[in-house]
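The next block holds one structure in the form of structure tokens; read it before the comments.
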Amino acid sequence: MFARGTLYHPKKFMDMNKNCPCCGQTFEPEPGYYFGAMFISYGFSAAYFLGVWMLSYIFFDEVGALEMMVAIILVVVGLLPLTFRWSRVLWISIFVRFEKDSKNIFQE
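In this text, residue positions in the sequence shown follow numbering that gives the first Met the number 0: the first is 0, and each later residue adds one.
Right, here's the structure in full:
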């Protein structure tokens, strides 16, 4: 789904293949298809927030609002390439069924 070697490249982590190399399935069936992936990404970000908050609550006596904001921003930005890709993969998996041994192998 995504080009190799682009996961943490700052300018290329959003690059996607146009079609599946095995079966030819297009990865963008219509314009704006991945708009729904934004909501999945929002869920991941909320989970990151809760994780940072819980860890800071467990390991530190007192954490100020500024420190909490900085920690959350660093985690969200640091995990952005993974979050972006996970949310898109989950979104397309809702509508497109994965078949490992597809009979519709793309022939060039």
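Virtual Cβ for every residue (Gly too), placed ideally from N, Cα, C. All values reported here derive from a predicted model rather than from experimental measurement.
ask   = From L89, F26 and P80, pick the residue whose C-alpha is nearest to that of K11; which is it?
value = P80
query = Tell me which same chain residues have a C-beta within less than 7 Å of the C-beta of V129, skipping the five on either side of it?
reply = Because the chain spans 0 through 107 in this model, residue 129 falls outside it and cannot be assessed.
request  = Return the Cβ separation of S86 and A36 in integer angstroms, given the expectation that the two are a contact with Cβ distance under 8 Å.
outcome  = 4 Å
ask   = How is the alpha helix (DSSP H) around P80 delimited, first residue to last?
value = L79 to F94
Cβ-Cβ distance between V0 and F26 below 8 Å = First, the residue type needs correcting, since residue 0 is Met and not Val in the sequence shown. In contact: M0 and F26 (Cβ atoms closer than 8 Å).
F105 classed as buried or exposed, judged by whether at least 16 other C-beta atoms fall within 10 angstroms = Annotation note: pLDDT 46 at F105 (below 50); position unreliable, no value reported.
task = Can you tell me which of the three DSSP states M15 falls into?
result = strand
key: Neighbourhood of G77 by C-beta, 6 Å cutoff - its chain only, sequence neighbours within 5 removed   = Within the same chain, no Cβ atom closer than 6 Å to the Cβ of G77 is found once the five residues on either side in sequence are excluded.
message = Going by DSSP in three states, F43 sits in which element: helix, strand or coil?
response = helix
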